[in-house]
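Q: This is the structure I want to talk about, given as structure tokens.
Number of protein chains: 2
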Amino acid sequence: MQRTDFSEMACSIARTMDVIGEPWSPLILRDVWVGFSRFEQLQADLGISRKVLTERLNHLVDRGVLERRPYDKRPRYEYVLTDRGRELLDVLMVMVAWGDKWLAGEAGPPVLYRHHACGEISHVDLACAHCGKPMHADDIDILPGPGAAA
Amino acid sequence: MQRTDFSEMACSIARTMDVIGEPWSPLILRDVWVGFSRFEQLQADLGISRKVLTERLNHLVDRGVLERRPYDKRPRYEYVLTDRGRELLDVLMVMVAWGDKWLAGEAGPPVLYRHHACGEISHVDLACAHCGKPMHADDIDILPGPGAAA
DNA sequence: TGATGGAGTTCCTTTAGGGAACCCTAAACG
DNA sequence: CGTTTAGGGTTCCCTAAAGGAACTCCATCA
Chain A
1 MQRTDFSEMA CSIARTMDVI GEPWSPLILR DVWVGFSRFE QLQADLGISR
51 KVLTERLNHL VDRGVLERRP YDKRPRYEYV LTDRGRELLD VLMVMVAWGD
101 KWLAGEAGPP VLYRHHACGE ISHVDLACAH CGKPMHADDI DILPGPGAAA
Chain B
1 MQRTDFSEMA CSIARTMDVI GEPWSPLILR DVWVGFSRFE QLQADLGISR
51 KVLTERLNHL VDRGVLERRP YDKRPRYEYV LTDRGRELLD VLMVMVAWGD
101 KWLAGEAGPP VLYRHHACGE ISHVDLACAH CGKPMHADDI DILPGPGAAA
């Protein structure tokens, strides 16, 4: 599959897709987040091809989202989230909120989030980083920014 | 089946990926959002292969994210976001926030968001739908939900 | 009666994902 | 000291999906 390179597009969605848009990448991040940090663990938990897992891990390390580090005298490595990576979890949490709402069906959501601050089972919602009020697609105007395409 | 089917996994991330995880899908939603709603417009703006565009549009309509509707007596169609689709834009907005922060580089973000409520240039942040306080990956406990895997 | 234009199809080439087998290295075992 | 063992990958082959250009269909318009 020859695939278009999204990384050079003047669009933060495309650029973010270049980092985590390949199949499996978000699930790898989820797994690392919940504690599956080693190659064998990831492979077993996800059922992903070892070849593809290698490619994805390298790509995520390349992009600064994961860090590969030894955990033993022997050549053993684990993958941990960097700051960049931890912030990417925001994207996953919104995907969870959407999937729970629209795709969970009769069975209900596979996992629940309990928010430390209030102790309640909840989910994420979008707020304005400036004023704190709700901020969704219909609540904004889009303006050209400094990095807009020529 | 050569590509793994994410739709049956007991994971809302995987299920959401099944809907918008294929290459181009998020960019198509972005374009529809900002007003490119017709086949030719999308093809020209994205530079996507017509074949793939057809597949993606069908898939997104199938999944209830877009609606295909005639806009002329002639066989002409446009694609519009459904409720499900409009809520998916939340995912895109968080990707934009992350991409703007980590990938925009010297040039700065390609587009800016002005929030209607406060009038300021801003971006989205995650809040708890219950208490309104910040809610990120480190602020929650994960518990098994009713739809957890057997 | 063409010509036009939107909205797709068809067909071919190239490359990425799936899957199983294989390899390498450094302990640990006997 | 030779052999297992186990984590962490490579290699190889096969299939399916992305790119891209050309082609089709069909209702109006000139």
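So the protein lines, in turn, are chains A and B.
Taking full-length UniProt numbering, the leading residue of the first sequence gets 1, the next gets one more, and so forth.
Taking full-length UniProt numbering, the leading residue of the second sequence gets 1, the next gets one more, and so forth.
C-beta atoms are modelled at their ideal positions from N, C-alpha and C, and glycine is treated no differently.
1. Compare the C-alpha of B:Y113 against each of A:A44, A:A107, A:L27 and A:A129 and name the closest.
2. On the premise that A:A137 lies in contact with residue 174 of chain B, defined as a C-beta separation below 8 Å, what is that separation, rounded to the nearest angstrom?
3. Under the DSSP definition of a beta bridge, which residues are partnered with B:E78?
4. Any beta carbon from chain B within less than 7 Å of A:T54's own beta carbon?
5. For the stretch 119 to 145 of chain A, list every residue whose C-beta sits within 7 Å of some C-beta in chain B, in sequence order.
6. For the beta strand (DSSP E) that contains A:I48, what are its first and last residues?
7. Just the Cα atoms here: how many angstroms apart are A:D31 and A:L57?
8. At 8 Å on the CB atoms, spell out the chain B contacts of A:R3, in chain order.
9. To the nearest angstrom, report how far apart B:R63 and A:E22 are at their CA atoms.
10. Note down, in chain order, every chain A residue with its Cβ under 7 Å from the Cβ of B:Y113.
11. Determine, using beta carbons only, whether A:H59 comes closer than 7 Å to chain B.
12. With the cut-off set at 7 Å, would you say B:T16 and A:W98 are in Cβ contact?
13. For A:E87, return the contacting residues in chain B, with the cut-off set at a CB-CB distance below 7 Å.
14. Taking A:L42 as the query, report the chain B residues whose CB atoms sit under 9 Å from its CB, ordered along the chain.
15. Count the other CB atoms, across all protein chains shown, that sit within 10 Å of the CB of B:A149; report buried if there are 16 or more and exposed otherwise.
16. Using 8 Å for Cβ pairs, my map puts A:C131 next to B:A117. What's the rounded Cβ distance?
17. For B:G85, does the count of other Cβ atoms within 10 angstroms reach 16, so buried, or fall short, so exposed?
18. Any C-beta of chain A sitting closer than 7 Å to the C-beta of B:G108?
19. For the alpha helix (DSSP H) containing A:R84, name the first residue and the last one.
20. With distances taken from CA atoms, which of A:A14, A:C11 and A:I28 is nearest A:L92?
21. Along the beta strand (DSSP E) that carries B:A127, what are the first and last residues, could you check?
22. Give me the Cα-Cα distance between B:D72 and A:G35, rounded to the nearest whole angstrom.
23. Whose Cβ in chain A lies nearer than 7 Å to the Cβ of B:R84?
24. Closest Cβ-Cβ distance between B:R15 and chain A: below 7 Å?
A: Walking through what the data contain:
1. Taking the first residue of the second sequence as position 1, residue 113 of chain B is located at position 113. For B:Y113, the closest alpha carbon among the candidates A:A44, A:A107, A:L27 and A:A129 is that of A:A129.
2. Examination of residue 174 of chain B is not possible in this model, given that chain B is present from 1 through 150 alone.
3. On the second sequence, residue 78 of chain B is found 78 positions in, with the first residue counted as 1. Note: B:E78 sits in a beta bridge opposite B:R38 and B:R69.
4. Position 54 of the first sequence, counted from the first residue, corresponds to residue 54 of chain A. Cβ-Cβ to chain B under 7 Å: no for A:T54.
5. The residues in question are E120, S122, H123, V124, D125, L126, A127, C128, A129, H130, C131, K133, M135, H136, A137, D139, I140, D141, I142, L143, P144 and G145.
6. By 1-based counting over the first sequence, the position of residue 48 of chain A is 48. Note, A:I48: premise wrong, no beta strand (DSSP E); not H, not E.
7. The residue you call residue 31 of chain A lines up with position 31 of the first sequence. The residue you call residue 57 of chain A lines up with position 57 of the first sequence. Going from the Cα of A:D31 to the Cα of A:L57 covers about 12 Å.
8. Locating residue 3 of chain A in the first sequence gives position 3, where the first residue counts as 1. Simply P23.
9. Here the question's residue 63 of chain B lines up with position 63 in the second sequence. Here the question's residue 22 of chain A lines up with position 22 in the first sequence. Those two C-alpha atoms are separated by around 20 Å.
10. Translated into positions along the second sequence, residue 113 of chain B becomes position 113. What B:Y113 touches in chain A: I140 and I142.
11. Taking the first residue of the first sequence as position 1, residue 59 of chain A is located at position 59. With 7 Å as the cut-off, A:H59 does not count as an interface residue toward chain B.
12. In the second sequence, the residue the question calls residue 16 of chain B occupies position 16. In the first sequence, the residue the question calls residue 98 of chain A occupies position 98. Yes. Within cutoff.
13. If you number the first sequence from 1, residue 87 of chain A lands on position 87. Result: W98.
14. Here residue 42 of chain A is taken as the residue at index 42 of the first sequence, counted from 1. Residues of chain B passing the Cβ test: none, with the nearest at roughly 14 Å.
15. In the second sequence, the residue the question calls residue 149 of chain B occupies position 149. Residue environment analysis places B:A149 among the exposed positions, since fewer than 16 neighbouring C-beta atoms fall within 10 angstroms of its C-beta.
16. Translated into positions along the first sequence, residue 131 of chain A becomes position 131. Translated into positions along the second sequence, residue 117 of chain B becomes position 117. Between B:A117 and A:C131 the Cβ distance is about 6 Å, and since that is below 8 Å, they are a contact.
17. Position 85 of the second sequence, counting from 1, holds the residue named residue 85 of chain B. It counts as buried.
18. Here residue 108 of chain B is taken as the residue at index 108 of the second sequence, counted from 1. So yes, B:G108 belongs to the interface.
19. Against the first sequence, residue 84 of chain A aligns to sequence position 84. Per DSSP, A:R84 belongs to the alpha helix (DSSP H) from D83 to L103.
20. By one-based count along the first sequence, residue 92 of chain A stands at place 92. If we check each option's Cα against that of A:L92, A:I28 comes out closest.
21. Residue mapping note: residue 127 of chain B aligns to position 127 of the second sequence, counting from 1. Taken as a continuous stretch (DSSP letters only), the beta strand (DSSP E) holding B:A127 covers V124 to C128.
22. The count along the second sequence starts at 1 and reaches residue 72 of chain B at position 72. The count along the first sequence starts at 1 and reaches residue 35 of chain A at position 35. Cα-Cα distance, rounded: 54 Å.
23. The sequence position of residue 84 of chain B within the second sequence is 84, counting from 1. What B:R84 touches in chain A: W102.
24. Counting from one through the second sequence, the residue named residue 15 of chain B turns up at place 15. Closer than 7 Å: yes.
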